[in-house]
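A quick write-up on the structure given underneath.
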Amino acid sequence: MAKPSSTRAPASDKPVARVLPLLGLPQLDRLFDYRVDEKDTESVQPGVRVRVRFAGRLVDAFVYERTDSSDHPRELHYIDRIVSDEVVVTPEMFALVDRVAARWVGARSDVFRLAIPPRHATAERSVAPAETATSDGEEAQDEGQPDRPSLPESWSGYPRAASFASAMASGKPVRGAWTPAPGEDWAARLAELAFFAATGDRQSIIVVPDQRDVDVVSSRLKDAAGDFGRAPGDIVELTASLGPQARYTRWLKVLRGHAKVVVGTRSAVWAPARHPGIIIVWDDGDDSLSEPRAPYPHAREVATLRSSLAHAPLVLAGPIRTPEVAALVEAGWAPEITAAPESRRRLPRIVAVTNADPVQARDIAGGHTRLPTVAMTMARQALDRGQPVLVQVPRRGYIPRLLCQKCRTPARCRRCHGPLAIGEANTDGAGALVCGWCGVHDVAYSCPECGSRRLRAGVVGASRTAEELGRMFPGTRIVRASGSETLSDAPEGPMLVVSTPGAEPTPEHGYGAALLLDAWTLLSRPDLRATQQAFRRWVGAARLVVSHSDGGEVFCSAEASTDIAQALIRWDVDGFAHRELAERREVGFPPAAHLFAIDGASSDVMAVSDYVEDHGAERLGFVPEILGPVDVPSAEPLPGAAPDEVPERVLVRIPRNQVDQVSHALLAAVISRATRRDGSPVRIRLDPLHIG
DNA sequence: AGCACGCCGACT
DNA sequence: GTCGGCGTGCTC
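Here the first sequence is numbered in UniProt numbering, starting from 1 and rising by one per residue.
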């Protein structure tokens, strides 16, 4: 099988390669030394993928470095073969992968799996080789571009944008937090920013939550390309849905410098740009930007680390500002790029529910319709003007399933406070309530707030809403849009568009009105981020509505006196984020502190948290705060959960500046347990989306 | 993770 | 007297 050793001879220069086997095991996440054959000496460079014999098996590995000698006391194996001469790990990526693995308590090989797609030989042959640099320094290229296009006039509504752009043009790693003005074509602005930053050998990266946003940004990039002297071929889309060959082909186009602007979903934050001109993350409040594979890093966090390591400009943007970005703004790390006050003229009129209003109060108490008169009137007037109307309803199954008929308190499990749903019929035929988290049945539920035993469904789905609207607006065209079913054409003319949050089609000229229904179902979710997510959805919908001067109106079914409704009405989008951050500080939750979630069987979780507690007391100079055990959110089932033991979660709360020390301690615990085969593995997440 | 080597129970 | 349990230890 292996070549006879007689045909091999150690390389005369630096005959030893230090490589990282890609095994995904924390206890083997170390460099191992291999001998380099003289014939391979040119190919075996840092960043090259090789195959090596490891513990008797052939495994993939990345070359980290070449050295003269090894500390290993025994005879070294030769590198079995070079998978490809392509240097797929750039020096910047080595550093970034190390940092991400260390902070998120993961194996570097797992992080490489996120960052580098599997090699595809045909793809490698299909992509043109990297252009040999005409001049050696990128500085020289930058200076040699006297007619660099300026940031377009379309950015003039943001006073700080000009200085941001000129700092970027002079090579400074500027950072900013951008919240687009109401009605702004955010994708077009980001496209301009990306092209502006992609000069010389610099490549720009735009990371968005989903394919829909990739499509939008991509089309704006194509529109803007000409203005920046670029061609459609300079744009590359990187998305998860691509097959292996297409994925590697496009990734190589970035690596070899052919792509000037990359737009893609969360893994695009790892796009192998050698010199990122700018990294843009759009809508970091969207859960899709959180990586679901170990070690679960969030694209926003990877982007901020990468910006620091690569001295790359960074823009964190979104329809709302997340508390995480608000913290970066407050720290002065990412100053805000705010719209001039004049942009408020583009706002629609926004009204919320007031129980003080007798007409509205009667509508709501009546309970038969979910559409108060104000909302009906808004829709009617917009339709009469010939404009489309957006009706936003929560996605089914997204919210607590049952609520008290009387006071609308969500029905919670008495054991674990999980959401109750209607379970299968009992033997006596009566429907029992079942907990969505722990599965326990409750046959005698009564509301803890008001004592009522009567319950109502937590949500009316989009199809019921469409039927109801059909009766209220006879003869009006009604279309539906949800995550799976999207419209082929942009809404145009008088029609009702019933949509779930995030799936709203964008009309070319905006909606005449938007009705945000069932607000209370979004707000009553048992989740720390419920208000932030609701706000994000409402702002996202309201942004699509024409200005009040063009008749635009928004109805929000939340009570007008609430903070969230007030923030929406006053369009205090950024202020809302900072108030939310202040609340997180009060309760000590991320991003005010860091929180590690340790999930697994009770005994394993306890053992790991005990280790960190002891280690903290002895070596860190502080004792991390251990919270829990709490329930593992039902959305995150443990893959290798023992059937007899209920998975548990312990939270470790630590000050922000201590993350890396605690990550280190956790990794030590994980490694020592894995090598001794002590218990089952635990899953560790840093600052999980859902705390439990 | 695999796959060794390595000392204590029931069996051809 | 053996075959085999899975407890530590290693993987360049």
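Where a beta carbon is used, it is the ideal one built from N, C-alpha and C, also for glycine.
Everything numeric in this text was worked out from a predicted model, so none of it was measured.
Element boundaries [beta strand (DSSP E), containing Tyr64]
Here residue 64 is taken as the residue at index 64 of the first sequence, counted from 1. Here the beta strand (DSSP E) through Tyr64 covers Arg57 to Thr67.
Could you check whether Ser547 and Leu328 sit closer than 9 Å to each other, using their CB atoms as the reference points?
By 1-based counting over the first sequence, the position of residue 328 is 328. By 1-based counting over the first sequence, the position of residue 547 is 547. No, the Cβ-Cβ distance between Leu328 and Ser547 is not below 9 Å.
Measuring CA to CA, which of Glu92, Asp227 and Gly106 is closest to Glu153?
Within the first sequence, numbered from 1, the residue matching residue 153 stands at position 153. The candidate whose alpha carbon is nearest that of Glu153 is Asp227.
Leaving out five residues on either side along the sequence, give the residues of the same chain with a beta carbon under 6 Å from the beta carbon of Asp210.
Indexing the first sequence from 1 puts residue 210 at position 210. Only Ser288 meet the Cβ criterion.
Looking only at its chain, what residues have a beta carbon closer than 8 Å to the beta carbon of Asp428, apart from the 5 residues adjacent to it on each side?
Numbered from its first residue, the first sequence carries residue 428 at position 428. Here Asp428 scores only 43 on pLDDT, less than 50, and its place in the model should not be relied on; the value that follows carries that caveat. Hits under 8 Å: none found.
Could you work out which residue in Val214, Gln245 and His298 is closest to Val261 when comparing CA atoms only?
Here residue 261 refers to the residue found at position 261 when the first sequence is read from its first residue. The option with the nearest alpha carbon to Val261 is Val214.
Which residues in the same chain have their Cβ closer than 7 Å to the Cβ of Arg362, if we skip the five residues on either side of it in sequence?
Counting from 1 along the first sequence, the entry for residue 362 is found at position 362. Here the model assigns Arg362 a pLDDT of 46, short of 50, so the residue's position is not dependable, and the following value carries that caveat. If we look at Arg362 and ignore the five residues flanking it on each side, it has no Cβ neighbours.
Cβ distance (whole Å) where Met495 is taken to contact Pro388 below 8 Å:
Here residue 495 is taken as the residue at index 495 of the first sequence, counted from 1. Here residue 388 is taken as the residue at index 388 of the first sequence, counted from 1. About 5 Å separates the two Cβ atoms, so the contact holds.
Report the three-state DSSP secondary structure of Leu515 (helix, strand or coil).
Here residue 515 refers to the residue found at position 515 when the first sequence is read from its first residue. The answer is strand: DSSP assigns Leu515 an E or B state.
Segment limits, beta strand (DSSP E) that includes Trp178
Start at 1 with the first residue of the first sequence, and residue 178 comes out as number 178. Taken as a continuous stretch (DSSP letters only), the beta strand (DSSP E) holding Trp178 covers Arg175 to Trp178.
So, with DSSP's three-state summary, where would you put Ile235?
Within the first sequence, residue 235 is the residue found at index 235, counting from 1. Per DSSP, reduced to three states, the secondary structure at Ile235 is strand.
Sort out for me which residues DSSP pairs Tyr34 with in a bridge.
The residue given as residue 34 occupies position 34 in the first sequence. As a beta-bridge residue in DSSP terms, Tyr34 pairs with Ala17.
CA-to-CA distance, Arg103 to Leu309, given in whole angstroms:
The sequence position of residue 309 within the first sequence is 309, counting from 1. The sequence position of residue 103 within the first sequence is 103, counting from 1. Going by the C-alpha atoms only, they are around 14 Å apart.
What separation, rounded to the nearest whole angstrom, lies between the Cα atoms of Ala411 and Cys404?
For this step, residue 411 is matched to residue 411 along the first sequence. For this step, residue 404 is matched to residue 404 along the first sequence. Within the model, the alpha-carbon separation for Ala411 versus Cys404 is close to 6 Å.
Distance CB(Thr258)-CB(Ala123) smaller than 9 Å:
In the first sequence, residue 258 corresponds to position 258, counting from 1. In the first sequence, residue 123 corresponds to position 123, counting from 1. Checking the sequence shown, residue 258 turns out to be His, not Thr. No; because the gap between Cβ atoms is not below 9 Å, this pair is not in contact.
Quick one: Cα of Glu467 to Cα of Ala481, how far?
Start at 1 with the first residue of the first sequence, and residue 467 comes out as number 467. Start at 1 with the first residue of the first sequence, and residue 481 comes out as number 481. Distance between the alpha carbons of Glu467 and Ala481 is about 14 Å.
Alpha carbon to alpha carbon, how far is Val315 from Leu402? Give it in angstroms, no decimals.
Here residue 402 corresponds to residue number 402 of the first sequence, with the count starting at 1. Here residue 315 corresponds to residue number 315 of the first sequence, with the count starting at 1. Approximately 41 Å between the Cα atoms of the pair.
Can you name, in chain order, every residue of its own chain whose Cβ lies under 6 Å from the Cβ of Ala375, other than the five neighbours on each side?
By one-based count along the first sequence, residue 375 stands at place 375. Cβ neighbours of Ala375 beyond the five flanking positions: Leu515 and Phe555.
Taking Gly475 as part of the alpha helix (DSSP H), name the residues at either end of that continuous run.
Translated into positions along the first sequence, residue 475 becomes position 475. Run containing Gly475: none; DSSP gives neither H nor E here.
Burial state of Ile691, where buried means 16 or more other Cβ atoms lie within 10 Å:
Locating residue 691 in the first sequence gives position 691, counting from the first residue. Buried: at least 16 other Cβ atoms inside 10 Å.
Cβ contact check for the stretch 42-59 and the stretch 87-94: 3 or more pairs under 8 Å:
Output reads yes: the stretch 87-94 touches the stretch 42-59.
For a test of the three-state rule: what should DSSP assign to Gln45, helix, strand or coil?
Position 45 of the first sequence holds residue 45. The answer is coil: DSSP assigns Gln45 none of H, G, I, E or B.
Quick one: grab the DSSP three-state call for Ala361.
For the purposes of this step, residue 361 is identified with residue 361 of the first sequence, where counting begins at 1. Confidence at Ala361 is low in this model, with a pLDDT of 45, below 50, so the placement of that residue is unreliable and no value is reported for it.
Roughly how many whole angstroms lie between the Cα atoms of Leu76 and Val83?
The sequence position of residue 76 within the first sequence is 76, counting from 1. The sequence position of residue 83 within the first sequence is 83, counting from 1. One C-alpha to the other measures close to 20 Å.
Helix, strand or coil at Gly318 according to DSSP, with G and I counted as helix
Working through the first sequence from its first residue, we reach residue 318 at position 318. Residue state for Gly318 is assigned as coil, using DSSP reduced to three classes.
Could you check what DSSP says for Tyr78 in three-state terms: helix, strand or coil?
Position 78 of the first sequence, counted from the first residue, corresponds to residue 78. Tyr78 falls in the strand class under three-state DSSP.
Segment contact, 8 Å Cβ cut-off, at least three pairs: the stretch 244-258 with the stretch 62-78:
The stretch 244-258 makes no contact with the stretch 62-78, as fewer than three CB pairs between them are under 8 Å.
Rounded separation between Ala225 and Ala198 - CA only:
Within the first sequence, numbered from 1, the residue matching residue 225 stands at position 225. Within the first sequence, numbered from 1, the residue matching residue 198 stands at position 198. In a straight line, the C-alpha of Ala225 is about 11 Å away from that of Ala198.
Confirm, please, whether the CB-CB distance from Pro21 to Ser54 is below 9 Å.
To locate residue 54, count along the first sequence from 1; it is residue 54. To locate residue 21, count along the first sequence from 1; it is residue 21. Looking at the sequence itself, residue 54 is Phe, so the reference to Ser does not match. Cβ distance < 9 Å, so Phe54 and Pro21 count as in contact.
Using C-beta distances below 6 Å, list every residue in its chain close to Arg81, excluding the 5 sequence neighbours before and after it, in chain order.
Here residue 81 refers to the residue found at position 81 of the first sequence. Cβ within range, chain order: Arg51.
With DSSP run on the structure shown, which of helix, strand or coil describes Ala565?
As a position in the first sequence, residue 565 is number 565, starting the count at 1. Three-state DSSP puts Ala565 in a helix.
Note down the Cα distance separating Glu38 from Pro501, rounded to an integer number of angstroms.
As a working mapping, residue 38 is identified with position 38 in the first sequence. As a working mapping, residue 501 is identified with position 501 in the first sequence. Roughly 60 Å separates the two Cα atoms.
For Ile671, the three-state DSSP class (helix, strand or coil)
Here the question's residue 671 lines up with position 671 in the first sequence. If DSSP states are grouped into helix, strand and coil, Ile671 belongs with the helices.
May I ask you to report which of helix, strand or coil DSSP gives Thr7?
Along the first sequence, read from residue 1 onward, the residue named residue 7 stands at position 7. In the structure shown, Thr7 sits in a helix (DSSP, three-state: H, G or I).
Given a threshold of 16 other Cβ atoms within 10 Å of its Cβ, counted over all protein chains shown, does Lys253 qualify as buried or as exposed?
Numbered from its first residue, the first sequence carries residue 253 at position 253. The residue in question, Lys253, is buried, as its Cβ has 16 or more Cβ neighbours within 10 Å.
Looking only at C-alpha atoms, which of Arg274, Val391 and Tyr445 sits nearest to Ala503?
Translated into the one-based positions of the first sequence, residue 503 becomes position 503. Of the listed residues, the one whose Cα sits closest to Ala503 is Val391.
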